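If you're matching positions, the sequence shown starts at 1 in full-length UniProt numbering and goes up one per residue. Worksheet for the structure shown next.
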Amino acid sequence: MLRPSRATPADSSAKPRFFPCSLNGTLMNSARISDQSDVTHTLDAQHFNRHKGEKKETQWAAGLRKPGFIPGETGLYEYKVFGSLSGCSPDVCADVYMDLAYRKQWDSYVKELHEKDYDGQKAIYWEVKYPFPLSNRDYVYIRERRDLQVNGRKICVVLARSSAVPQCPEKSGIIRVKDYKQSVAMETDGAQGTKVFMNYFDNPGGNIPTWLVNWAAKSGVPGFLKDMQDACSKYANYCKNKK
Numbered sequence: 001m002l003r004p005s006r007a008t009p010a011d012s013s014a015k016p017r018f019f020p021c022s023l024n025g026t027l028m029n030s031a032r033i034s035d036q037s038d039v040t041h042t043l044d045a046q047h048f049n050r051h052k053g054e055k056k057e058t059q060w061a062a063g064l065r066k067p068g069f070i071p072g073e074t075g076l077y078e079y080k081v082f083g084s085l086s087g088c089s090p091d092v093c094a095d096v097y098m099d100l101a102y103r104k105q106w107d108s109y110v111k112e113l114h115e116k117d118y119d120g121q122k123a124i125y126w127e128v129k130y131p132f133p134l135s136n137r138d139y140v141y142i143r144e145r146r147d148l149q150v151n152g153r154k155i156c157v158v159l160a161r162s163s164a165v166p167q168c169p170e171k172s173g174i175i176r177v178k179d180y181k182q183s184v185a186m187e188t189d190g191a192q193g194t195k196v197f198m199n200y201f202d203n204p205g206g207n208i209p210t211w212l213v214n215w216a217a218k219s220g221v222p223g224f225l226k227d228m229q230d231a232c233s234k235y236a237n238y239c240k241n242k243k
């Protein structure tokens, strides 16, 4: 899950690329991995490279130099990201992404985060800090991780979607995000790093001011990738110290 962004310069080793969003229906309609062909299609290099020949590539250049959300192309809360994290293996990236206790240490936007069993179904509650004077947002969602072997490629896939859990009611003063879907896929870049693909939809509700949109556009996803990369580099020490 992403979060409101702070204006942090993008790390040179994290180079996200942005493409117009077209949500993969099978992946996004449930948090269950059922068809490996969908994962292959999602990560297929040709699926990304096909954009190189389009006229839109030129107008994307500004977005690549100043990475972030590009509302005119993707819609404000629906987008695809393809990035690279150097020096981080896919297994470590996936472990860090799934480790909620560790997330609370490296993500300063986490207000509350935990996973509980609600009548046999595990669900995650996550409250995200929003900058004053906006109300915080919270999420209740389910997720699944699967490590797949697809045509000789090992791909770590994480799917998540919002879920209605009666035992986790809305809180006063916090806006519940009721429509959230995400798929993340990670595989080796052929060296010591990880290629990361994210397909994301998030409707935060309420009126999001222009200044916040502009703020996110300057540093949103690149800032997240940088924080993620830093967290991956420190994960081994974290695991060692918590034993």
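Yeah, the Cβ is synthetic: ideal placement off N, Cα and C, and Gly gets one too. Owing to the predicted nature of the structure, the values given are computational and were not obtained by experimental measurement.
Worksheet entry | Gly152 versus Lys181 - alpha carbon distance | 28 Å
Item to complete: From the DSSP output, read off the bridge partner residues of Ser183.
Response: Leu159, Asn199
Fill in: Range covered by the beta strand (DSSP E) that runs through Asp138
137-150
Worksheet entry | Nearest neighbour of Pro166, chosen from Ala123, Pro131, Leu148 [CA to CA] | Of all alpha-carbon atoms in Ala123, Pro131, Leu148, the one lying nearest the alpha-carbon of Pro166 is that of Ala123.
Worksheet entry | Residues bridged to Tyr118 (per DSSP) | BP columns for Tyr118 point to Gln121.
Worksheet item: Within 10 angstroms of its Cβ, does Ser162 collect 16 or more other Cβ (buried), or is it exposed?
Response: buried
Discussion item. Quick check: Ile143 and Cys156, are their CB atoms within less than 8 Å of each other?
Written reply: At residue 143 the sequence reads Arg, which differs from the Ile that was named. Cβ atoms of Arg143 and Cys156: not closer than 8 Å.
Worksheet item: Can Ala94 and Met186 be called in contact, C-beta distance under 8 Å?
Response: yes
Discussion item. Looking only at its chain, what residues have a beta carbon closer than 7 Å to the beta carbon of Leu85, apart from the 5 residues adjacent to it on each side?
Written reply: Annotation for Leu85: Ala14, Cys93, Gly193, Thr194, Val196, Leu225, Met228, Gln229, Cys232 place their beta carbon closer than 7 Å to its own, counting only its chain and skipping 5 residues before and after.
Discussion item. In the DSSP assignment, the alpha helix (DSSP H) including residue 245 goes from what residue to what residue?
Written reply: Within the shown structure, residues of the chain are numbered from 1 to 243, placing residue 245 beyond reach of any answer.
Worksheet entry | the region 125-139 / the region 167-175 touching (three or more Cβ pairs under 8 Å) | These segments touch.
Discussion item. To the nearest angstrom, how far is the alpha carbon of Lys104 from that of Leu148?
Written reply: 27 Å
Fill in: Phe82 versus Cys168, Tyr200, Ser108, residue with shortest Cα-Cα distance
Tyr200
Worksheet item: Taking the alpha carbon of Cys239 as the point to measure from, which residue in Ala101, Asn207, Asp117 has its own alpha carbon closest?
Response: For the residues Ala101, Asn207, Asp117, the minimum Cα distance to Cys239 belongs to Ala101.
Worksheet item: DSSP three-state call for Lys178: helix, strand or coil?
Response: coil
Worksheet item: When you compare only the Cα positions, how much space is there between Pro16 and Lys243?
Response: With a pLDDT of 39 at Pro16, under the threshold of 50, the predicted position of this residue should be treated as unreliable, though the coordinate-derived value follows. In a straight line, the C-alpha of Pro16 is about 34 Å away from that of Lys243.
Worksheet item: How many whole angstroms separate the CB atoms of Val184 and Val158, which I take to be in contact at a CB cut-off of 8 Å?
Response: 5 Å
Worksheet entry | Residue nearest to Lys116 in terms of C-alpha spacing, selected from Cys168, Ser89, Ser108 | Cys168
Item to complete: Classify residue 244 as helix, strand or coil using the three-state DSSP reduction.
Response: No information on residue 244 is available, as it lies outside the stretch 1 to 243 that the chain covers here.
Fill in: Rounded C-alpha distance that separates Asp189 from Ala236
21 Å
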